[in-house]
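Asker: So the sequence shown is numbered by this note's numbering: it starts at 1478 and just counts up by one. Please find one structure pasted underneath; my questions will follow.
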Amino acid sequence: MAYEVPPLPYDYDALEPHIDEATMRLHHDKHHQAYVDKVNGALEGTEHADAPIADVLRNLEAIPQDKRTVVRNNGGGHYNHSLFWEWMSPDGGGEPDGDLRAAIDDAFGSFDDFKAKMKEAGVNQFGSGWAWLVHDGSGLAVVSSANQDNPISDGRTPLLGVDVWEHAYYLKYNNRRPDYIDAWWNVVNWPKVAEGLP
Ligand code: MN
1478 MAYEVPPLPY DYDALEPHID EATMRLHHDK HHQAYVDKVN GALEGTEHAD
1528 APIADVLRNL EAIPQDKRTV VRNNGGGHYN HSLFWEWMSP DGGGEPDGDL
1578 RAAIDDAFGS FDDFKAKMKE AGVNQFGSGW AWLVHDGSGL AVVSSANQDN
1628 PISDGRTPLL GVDVWEHAYY LKYNNRRPDY IDAWWNVVNW PKVAEGLP
């Protein structure tokens, strides 16, 4: 079955005032839909058409070369945004606890140090991309990626990501990407993030 945009797990305006309704409508209904339509078009009729998108991205080398870039960009767009909606919640914010908090403290020294590193990765990502909290097999790390590349294609497990494409913040925050990232912490769904711990 072709991929579909999953419904938002909350209302379009539920993340206000941190993430505005107009951005959520465009981002979910238009941008995410476009990624889905394009990856479906690229994989239609191939043996990969029914594969879970994470499996496709884990092994991009298996995609025919003439379709690989389209699948990488748009399949990545589909997977990244499907995760991103779930990593946010109107009940989000605050600080993680339990095993996730222990792993963050272990890797970064403190929650504040982790947040600073994630923000730095997002602010310094030149052009469009994402900043990620990943598990690399031995522990947690912060990385950034260009375009719609997902760490899963490098063998890492994404636990949390922040979309720093201009379409994610420009309507409300204009060119102020750091302010968007500061506000975004208020909607991070830590219990959902913790589910990704291996
Ligand atoms: Mn986006």
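Don't be surprised by glycine CBs; every beta carbon is placed ideally from N, CA and C.
Does DSSP put M1477 in a helix, a strand or coil?
Answerer: With the chain represented from 1478 up to 1675, any question about residue 1477 goes unanswered, as that position is not in the structure.
Asker: What number of angstroms, rounded off, separates the C-alpha of G1616 from the C-alpha of E1493?
Answerer: Translated into positions along the sequence shown, residue 1616 becomes position 139. Translated into positions along the sequence shown, residue 1493 becomes position 16. Roughly 33 Å between the two C-alpha positions.
Asker: The alpha helix (DSSP H) with G1575 in it runs from where to where?
Answerer: Sequence index remark: in the sequence shown, residue 1575 carries index 98 (1-based). Counting along the chain, the alpha helix (DSSP H) containing G1575 begins and ends at G1575 to F1585.
Asker: How about R1502 and I1629: do their beta carbons lie closer than 8 Å?
Answerer: Position 25 of the sequence shown, counted from the start, is the residue given in the question as residue 1502. Position 152 of the sequence shown, counted from the start, is the residue given in the question as residue 1629. No, the pair does not count as a contact, with Cβ atoms beyond the cut-off.
Asker: Let me check understanding here. Comparing Cα to Cα, which of F1585, E1521, E1481 and V1641 lies closest to W1661?
Answerer: Position 184 of the sequence shown, counted from the first residue, corresponds to residue 1661. Checking every option, the nearest Cα to that of W1661 belongs to V1641.
Asker: Keeping to the same chain, check which residues put their C-beta closer than 6 Å to that of E1572; ignore five residues upstream and five downstream.
Answerer: Within the sequence shown, residue 1572 is the residue found at index 95, counting from 1. So the list reads F1588, once near-sequence residues are dropped.
Asker: Under 7 Å: does the beta carbon of W1642 sit that close to some heavy atom of the ligand MN?
Answerer: Numbered from 1 along the sequence shown, position 165 holds the residue referred to as residue 1642. Answer for W1642: yes, Cβ within range of the ligand MN.
Asker: Looking only at its own chain, which residues have a Cβ that is under 8 Å from the Cβ of I1530, when we skip the five neighbours before and after it?
Answerer: Counted from its first residue, the sequence shown places residue 1530 at position 53. Closer than 8 Å at Cβ, skipping near neighbours: Y1480, V1516, G1552, H1555, Y1556 and S1559.
Asker: Is the beta carbon of V1619 sitting closer than 8 Å to the one on R1633?
Answerer: Walking along the sequence shown from the start, residue 1619 turns up at place 142. Walking along the sequence shown from the start, residue 1633 turns up at place 156. Result no, Cβ atoms of V1619 and R1633 do not sit closer than 8 Å.
Asker: If you reduce the DSSP assignment to three classes, tell me which class A1623 lands in.
Answerer: Within the sequence shown, residue 1623 is the residue found at index 146, counting from 1. The answer is strand: DSSP assigns A1623 an E or B state.
Asker: In the DSSP assignment, find the beta strand (DSSP E) that holds G1638 and state where it starts and stops.
Answerer: In the sequence shown, counting from the first residue as 1, residue 1638 sits at position 161. Counting along the chain, the beta strand (DSSP E) containing G1638 begins and ends at T1634 to D1640.
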